[in-house]
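Enquirer:
Protein chains in written order, with the numbering used here: chain A, 1 to 74; chain B, 1 to 95.
1) Taking all protein chains shown into account, do 16 or more other C-beta atoms lie within 10 angstroms of the C-beta of residue 32 of chain A, making it buried, or fewer, making it exposed?
2) Kindly indicate which three-state DSSP category residue 93 of chain B falls into: helix, strand or coil?
3) Checking contacts by CB at 8 Å: is residue 90 of chain B closer than that to chain A?
4) Alpha carbon to alpha carbon, what distance is there between residue 11 of chain B and residue 84 of chain B?
5) Any idea what DSSP makes of residue 46 of chain B, helix, strand or coil?
6) DSSP three-state call for residue 66 of chain B: helix, strand or coil?
7) Assign residue 61 of chain A to one of two classes, buried (16 or more other C-beta atoms within 10 Å of its C-beta) or exposed (fewer than that).
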């Protein structure tokens, strides 16, 4: 049980880091035009939207895949 | 701390009976399946985000959702098409 807990925590940490890495890459592409002297408010707003849309999209794809697997198991 | 973990693991393995081992195998298989599914979602995410999301807005509009649905379906179709075509070629080559 102690070992199980440790593994769960470490796995969760790893998953979190992977997500952050992926989101940073994707959102940089979408929201950053030309890097300026500072992070302007438009880019910041875009990043906020980006993270939220990323989560929405992941959930959407997950639902879609589950639906697809139920109708035609691959 | 690592020694502690190793000792704990050794104790756990020693305590496993036959029934427990089967249960453990089932748990591992379930976890593997979950991991595989998560990897799939991750993969589709990378492919379809680029194709379907231009500038992230306040919500997922219907055009984006349709694109994402199509993206998932078409990718699966593509994989099947390529697999069957390639299998055909390999089969013909074998004869």
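Where a beta carbon is used, it is the ideal one built from N, C-alpha and C, also for glycine.
Since the structure is predicted, the reported quantities are computational estimates derived from the model, not experimental observations.
Expert: Judging by the given coordinates:
1) exposed
2) helix
3) no
4) 49 Å
5) helix
6) Reduced to three states, the DSSP call for residue 66 of chain B is helix.
7) Residue 61 of chain A is buried by the Cβ-count criterion.
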